[in-house]
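Following: one structure in structure tokens, then a few remarks.
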Amino acid sequence: MSLHPWIILFDIDGTLLTVDRTFNRPLLRSIIDELYIDYHDMEKDPFSGRTDFDIISSFLVHHDNQEELYQEFKSLYLERLSEEIQEHHVLRHDYVDEALEYFSGPTFIRGLLTGNYPDAAVTKLRVANIHQEFSFGAFGEFHSDRNMLPQLALELIQDSLAVT
């Protein structure tokens, strides 16, 4: 039996960092309003543990989840997130550098397992001054159900390492 490296998966929101809800919710509300989306419950909706795909899709429930509207919302969200988020909007959690450094050796492969879109993940990590490399990622763009992301991560790593 051949040995292979340990696969270490990091979540972003709630693990490496937390984005202040006083930034994120108004950002989402402004896009909902700009696109004339009929969704009044956003301020009460729980986002924790959900994918970006699922969250944005839920806003479109009264619009038959139109693909064109979804893509427009996603595009505006990623653009505005990148332009507007500042370091003071993000709480970088304690011991992030130490954890990432510890798992940077040759016996580990670091990846991301997050409900974020890939571009949102990059933006949040950049603003939090987390610049370490991650070998791969299972992102919320790939499935609306966050609980499916670990299986996706497993498939990605099996394909890239040819391990079972």
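Residue numbers (our numbering): 1 to 164. Cβ atoms here follow ideal geometry from the backbone N, Cα and C, with glycine treated the same way. Everything numeric in this text was worked out from a predicted model, so none of it was measured.
From the DSSP output, in three-state form, read off Arg-126 for me.
helix
Classify Thr-22 as helix, strand or coil using the three-state DSSP reduction.
helix
Pairs of beta-carbons, one from the region 101–111 and one from the region 26–39, closer than 8 Å: are there three or more?
no
Is any non-hydrogen atom of the ligand ZN found closer than 8 Å to the C-beta of His-63, if you look at the structure I gave you?
Because no ligand of any kind appears in the structure shown, any question about the ligand ZN cannot be addressed here.
Of the residues Thr-15, Gly-111, Glu-141, Ala-128, the one placed nearest Ile-85, counting alpha carbons only:
Ala-128
Could you give the first and the last residue of the continuous beta strand (DSSP E) run that contains Val-90?
90–92
What is the DSSP secondary structure of Arg-110, counted as helix, strand or coil?
strand
Can the beta-carbon of Gly-137 be found less than 9 Å from the beta-carbon of Gly-111?
yes
Beta-carbon within less than 6 Å of Asp-54's beta-carbon, same chain only, minus the 5 sequence neighbours each way: which residues are those?
Ser-144
Option nearest Leu-27 by Cα separation, candidates Pro-5, Ser-75, Glu-68, Leu-16:
Ser-75
Integer Cβ distance of Phe-10 from Leu-16, believed to fall under 8 Å
6 Å
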